[in-house]
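The structure appears right after this line, and notes come after that.
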């Protein structure tokens, strides 16, 4: 399934990539806003230690990235090139959130706790 999805992404035309490139700056902000919302909702649970805070942040990034990848894959199945481009932008934004947020939550915050 993953190979088929990767082949489908590579076979897109110029309109899809143009839409994905132009919509990415706006879509990234929406995905990060969704991450803030998920973090706000998860922040209402009682957290006892700094490790719990790191786990809550990691869960926030994983939940938001997974949701954006699901939404992006769903939109990528559309026939319209603009919608497929938007699906690529949503999925890429979720991966950007995961690539930046997970190391920050798990590595950087643990280094700050040792100081």
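In our numbering, the protein residues as written are 58 to 172. Note that beta-carbon positions come from the ideal geometry of N, C-alpha and C, so glycine has one too.
Euclidean distance between Cα positions of residue i and residue j
| i | j | result |
| --- | --- | --- |
| residue 125 | residue 73 | 18 Å |
| residue 102 | residue 109 | 10 Å |
| residue 135 | residue 141 | 6 Å |
| residue 80 | residue 139 | 10 Å |
| residue 84 | residue 59 | 23 Å |
| residue 62 | residue 107 | 39 Å |
| residue 100 | residue 66 | 36 Å |
| residue 113 | residue 90 | 16 Å |
| residue 144 | residue 86 | 15 Å |
| residue 64 | residue 98 | 37 Å |
| residue 71 | residue 115 | 35 Å |
| residue 137 | residue 88 | 22 Å |
Chain-order list of residues whose beta-carbon lies under 8 Å from that of residue i (same chain, five-residue window excluded)
| i | result |
| --- | --- |
| residue 75 | 142 |
| residue 118 | 92, 154, 155, 158, 159 and 162 |
| residue 31 | One cannot answer for residue 31 here, as it falls past the ends of the chain, which runs 58 to 172. |
Residues near residue i in its chain [Cβ-Cβ closer than 6 Å; skip 5 each side]
| i | result |
| --- | --- |
| residue 122 | 151, 154 and 155 |
| residue 146 | 77, 80, 81 and 84 |
| residue 129 | 144, 147 and 148 |
| residue 133 | 141 and 144 |
7 Å Cβ shell around residue i - same chain, five flanking residues per side excluded
| i | result |
| --- | --- |
| residue 111 | 162, 163, 166 and 167 |
| residue 69 | 141 |
| residue 104 | 110 and 113 |
| residue 120 | 95 |
Looking at C-beta atoms only, is the number of pairs between the segment 93–100 and the segment 151–161 that lie closer than 8 Å three or more? no
Runs of 4 residues minimum, wholly inside the segment 82–139: which ones carry the alpha helix (DSSP H) assignment? 107–133
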